[in-house]
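Working notes, structure below.
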Amino acid sequence: MVFDSFDIKSLIRPVIDFPKPGVIFRDITPLFQSPTALRLVMDSFAHRYVEADFTHIGAMDARGFLIGSVLAYQLNKPLVLFRKQGKLPADVLAEGYATEYGEAFLEVHADSLCEGDSVVMFDDLIATGGTLIAAANLIRRMGARVHEAAAIIDLPELGGSQRLEDMGIPTFCLTQFALSDQ
Numbered sequence: 012m013v014f015d016s017f018d019i020k021s022l023i024r025p026v027i028d029f030p031k032p033g034v035i036f037r038d039i040t041p042l043f044q045s046p047t048a049l050r051l052v053m054d055s056f057a058h059r060y061v062e063a064d065f066t067h068i069g070a071m072d073a074r075g076f077l078i079g080s081v082l083a084y085q086l087n088k089p090l091v092l093f094r095k096q097g098k099l100p101a102d103v104l105a106e107g108y109a110t111e112y113g114e115a116f117l118e119v120h121a122d123s124l125c126e127g128d129s130v131v132m133f134d135d136l137i138a139t140g141g142t143l144i145a146a147a148n149l150i151r152r153m154g155a156r157v158h159e160a161a162a163i164i165d166l167p168e169l170g171g172s173q174r175l176e177d178m179g180i181p182t183f184c185l186t187q188f189a190l191s192d193q
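Given below as structure tokens:
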């Protein structure tokens, strides 16, 4: 199966005015309900990173967990979970960030990474970049580095990929949408 022969965009459902008026939410649920599309997405990421020089997979709460866990298994890499505030049971590091909808905190177990580790971060989409930037800051606070930030979807008009690139973090997305795309 060739990526170009399968349009994953058609399986990403636009939900208008969710979670607030004026926002078009990009729902990946239909993509995950298609075994063909899911395999294509995961195989595309696995192919990109199978020979890359990094040590860990970082997955963002919550939809990034779907991608990160499969790839950690496929690539035989440790999985680091970046969770919403108050969800992790041990000692954590926290980082505040702005979202499209307000302010939030991201946490990670303080012993997840060491100096010299390198992480590929995964989320479902890159919008303003807040979650991935917070995760990158946490990774760096532990002495590790970010190899790349990856997602299924990029919303380039919101500037998140550019913000990550400006921090020296390469980005990779399988597809992108303009804000006006429905």
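93 is the number that our numbering gives to position 82 of the sequence shown; each next residue is one higher, with no gaps. For each residue, glycine too, the CB sits at the ideal point set by N, CA and C. Only a predicted model underlies this, so the values are computations on that prediction, with no experimental measurement involved.
- Contact check for Phe183 against Ala147 fails: the beta carbons are separated by 7 Å or more.
- A distance below 6 Å between beta-carbons, with the five flanking residues on each side excluded, links Leu149 to the following residues of its chain, in chain order: Leu104, Glu106, Val119.
- Taking all protein chains in view, the Cβ of Tyr84 is surrounded by fewer than 16 other Cβ atoms within 10 Å, so the residue is classified as exposed.
- Pairing Leu90 with Ala155, the inter-Cα distance amounts to about 14 Å.
- Here DSSP, grouped into helix, strand and coil, assigns Ile150 to helix.
- Under the DSSP definition of a beta bridge, Gln187 partners with Asp165.
- When the beta-carbon positions are compared, Leu117 and Ala138 stay at least 7 Å from each other.
- Comparing alpha-carbon positions, the option among Pro167, Asp122, Glu62 lying closest to His158 turns out to be Glu62.
- Look at Val157 here: in three-state DSSP terms it is strand.
- Residue burial annotation: Gly97 is exposed, with fewer than 16 other C-beta atoms found within 10 angstroms of its C-beta.
- Residue pairing by DSSP places Ser129 opposite Arg156 in a beta bridge.
- Contact annotation: Ile68 and Lys88 have beta-carbon atoms nearer than 7 Å.
- For Ile35, the uninterrupted beta strand (DSSP E) segment begins and ends at 35-38.
- In this structure, the beta-carbon distance from Val26 to Phe36 falls below 7 Å.
- Its Cα nearest to that of Gly141, the residue Gly170 stands out among Gly179, Arg74, Gly127, Gly170.
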